[in-house]
Each structure stands twice: as structure tokens, then as C-alpha cells.
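Colleague:
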Amino acid sequence: MSVEYSQVSNINELRQVLALQKINQESAITAQESKSQGFVTINHTLEVLERMNTPHGHIIAKNVAGEVIGYCLVMLETMHSDMRILTPLIQKINQLTYRGHKLIESDYFIMGQVCIAKDFRGQGVFEGLYRHMEYCMSPHFDFIITSIAKRNTRSIRAHQKVGFQVIDEYIDDTEDDWVVVIWDI
């Protein structure tokens with residue numbers, strides 16, 4: 000399988016990210032599929048994805064036909080005003096210390112969402128996306144932080160396999176349980 004990893008460079012790639020996101024929303028798949036395959040929770044708009052893509056581009060995986068088959072979104076802390084769902088995570092990060100560093104004083108970004116097309120799961124694309132993200136972002140940041148719904152056990156395991164560590168948990172306004180994970184890049 001040949002997969003190319005890069006940063007988003009045009010609007011068509013962002014539209015493909017949105018299409019992949021739409022079919023993998025928790026509300027768009029069965030309960031069994033969300034449990035076994037994982038799911039995404041946030042539904043972005045094209046405008047928000049464009050703003051998030053600057054100054055650091057999202058990471059994408061493309062198949063040989065040039066179609067986006069996976070993505071990892073780069074989100075700076077400043078984007079939380081556009082996405083209120085992130086407010087509890089930002090509040091939690093601002094309280095945490097990791098390896099002697101107050102995270103509020105550290106250089107980090109939030110991995111906004113990761114998704115792999117169904118036909119490409121279990122083939123190393125998840126790890127490939129994160130390795131490319133590490134390559135692109137390590138000159139600018141010390142940590143990647145994200146939160147994962149506690150019920151999304153497949154995603155938690157996949158993140159830990161890549162190198163993320165669970166550092167805390169919280170409950171959001173909707174009473175959903177989340178784990179906070181960090182990767183020292």
C-alpha cells in the first residue's frame with residue numbers, strides 16, 4: 000500500500016477532510032461500529048478548518064489516486080473561541096503540570112481530530128499521520144495534547160501505541176467523560 004503524507008495545501012483537500020469527517024461522525028455510524036472502529040465528535044465547517052490550517056497545516060494521508068484517506072487536525076489554543084466544545088479541555092490543560100512543566104507555559108498545540116478511512120484502518124496510516132505530524136511540528140512545539148472520549152477505547156489504545164500518555168480526565172458540560180493525552184515530541 001502506497002500512502003503519501005503531507006500538510007494540507009489547498010481547499011480541495013480540506014473538502015475531502017470534511018467528507019471523511021462527515022461519514023465517521025458518531026451520529027452517522029452504528030453503536031457497534033463506534034465501539035469497534037472509533038468515531039469523531041466534532042463537525043467542523045470549511046471556514047473553521049481553513050483558519051485552523053494557518054499557520055501550521057493539518058496533516059493528511061493520500062492514497063495513490065491522490066484522495067485524502069486520513070487526517071490529523073492541527074489546532075492552536077486560540078481556536079477554542081470558535082469551538083466551545085474545547086473550553087473544558089483548555090481549562091484542564093491550564094491546570095496541569097507534565098514532567099515539571101506547567102502546560103499553560105509550554106509550547107503545545109491541540110490535535111483537533113484524527114480519522115482514517117474505513118478501508119485503510121489497521122494498515123499503519125494512523126501511526127504514519129502522527130509520525131509526519133511529529134516531523135512537521137517538533138521544530139515549533141514541545142507537546143501534542145488532545146482529549147478522547149473515554150468510551151472511544153480504540154482511539155485511546157491507538158494513541159497510547161504511538162506514544163501518547165494519559166495525564167488526566169474530566170467531564171464536560173454534557174456529562175461526557177474524557178481523557179487528556181499528551182505526546183512529548
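For the sequence shown, numbering that gives the first Met the number 0 assigns the number 0 to the initial residue and increments by one for each residue that follows. Glycine is no exception: its CB is placed at the ideal position from the N, C-alpha and C atoms.
1) Taking the CB atoms as reference points, tell me whether residue 107 and residue 181 lie closer together than 9 Å.
2) If you follow the beta strand (DSSP E) that residue 136 is part of, which residue opens it and which one closes it?
3) Considering just the uninterrupted stretch of the alpha helix (DSSP H) at residue 186, what are its terminal residues?
4) Across the stretch 160-170 and the stretch 111-124, are there enough close Cβ pairs to call them in contact, namely three or more that are closer than 8 Å?
5) Determine the direct distance from the alpha carbon of residue 102 to that of residue 33, and round the result to whole angstroms.
6) Do residue 183 and residue 192 come within 9 Å of each other at the CB atom, strictly closer than that value?
7) Under the rule that 16 or more other beta-carbon atoms within 10 Å means buried, what is residue 154, buried or exposed?
8) Three Cβ pairs or more, each shorter than 8 Å: is that satisfied between the stretch 52-68 and the stretch 3-16?
9) Using the Cβ count rule (16 or more neighbours within 10 Å means buried), how would you classify residue 158?
10) Using DSSP's beta-bridge definition, name the partner residues of residue 3.
11) Under the three-state reduction of DSSP, which class applies to residue 142: helix, strand or coil?
12) Tell me where the beta strand (DSSP E) around residue 45 begins and ends.
13) For the beta strand (DSSP E) holding residue 76, just list the boundary residues, first then last.
14) Can you give the beta carbon distance from residue 185 to residue 48, rounded, assuming they're within the 8 Å contact cut?
15) Return the residue from the list 171, 146, 1 and 44 that minimises the CA-CA distance to residue 63.
16) Using the C-alpha atoms, what's the distance from residue 37 back to residue 152?
17) Nearest to residue 112 by alpha carbon, out of 24, 35 and 156?
18) For residue 82, which option in 40, 59 and 57 has the closest C-alpha, if you only look at C-alpha atoms?
Modeller: According to the structure shown:
1) The count along the sequence shown starts at 1 and reaches residue 107 at position 108. The count along the sequence shown starts at 1 and reaches residue 181 at position 182. Cβ distance < 9 Å, so residue 107 and residue 181 count as in contact.
2) Here residue 136 corresponds to residue number 137 of the sequence shown, with the count starting at 1. It is not in any beta strand (DSSP E) - residue 136 instead sits in the alpha helix (DSSP H) that spans 124-136.
3) Absent from the structure is residue 186, since the part of the chain shown begins at 0 and ends at 184.
4) no
5) Counting from one through the sequence shown, the residue named residue 33 turns up at place 34. Counting from one through the sequence shown, the residue named residue 102 turns up at place 103. Distance between the alpha carbons of residue 33 and residue 102: 31 Å.
6) The structure shown does not extend to residue 192, since the chain is modelled only from 0 to 184, so the question has no answer here.
7) Taking the first residue of the sequence shown as position 1, residue 154 is located at position 155. Its Cβ being crowded by 16 or more others within 10 Å, residue 154 is buried.
8) yes
9) What you label residue 158 is simply residue 159 of the sequence shown in a count that begins at 1. By the neighbour-count rule (16 or more Cβ atoms within 10 Å), residue 158 is buried.
10) Start at 1 with the first residue of the sequence shown, and residue 3 comes out as number 4. According to DSSP, which records beta bridges pairwise, residue 3 is partnered with 61.
11) Working through the sequence shown from its first residue, we reach residue 142 at position 143. Strand, per DSSP.
12) Taking the first residue of the sequence shown as 1, we reach residue 45 at position 46. No beta strand (DSSP E) holds residue 45; the alpha helix (DSSP H) holding it covers 45-51.
13) On the sequence shown, residue 76 is found 77 positions in, with the first residue counted as 1. Neither: residue 76 is in no beta strand (DSSP E) and is coded neither H nor E.
14) One cannot answer for residue 185 here, as it falls past the ends of the chain, which runs 0 to 184.
15) As a position in the sequence shown, residue 63 is number 64, starting the count at 1. Looking at the Cα atoms, 1 is the closest of the given residues.
16) Along the sequence shown, read from residue 1 onward, the residue named residue 152 stands at position 153. Along the sequence shown, read from residue 1 onward, the residue named residue 37 stands at position 38. Going by the C-alpha atoms only, they are around 7 Å apart.
17) As a first step, residue 112 must be located in the sequence shown, where it is residue number 113. Scanning 24, 35 and 156 for the CA closest to the CA of residue 112 turns up 24.
18) For the purposes of this step, residue 82 is taken as the residue at position 83 of the sequence shown. Measuring from the Cα of residue 82, the nearest candidate turns out to be 40.
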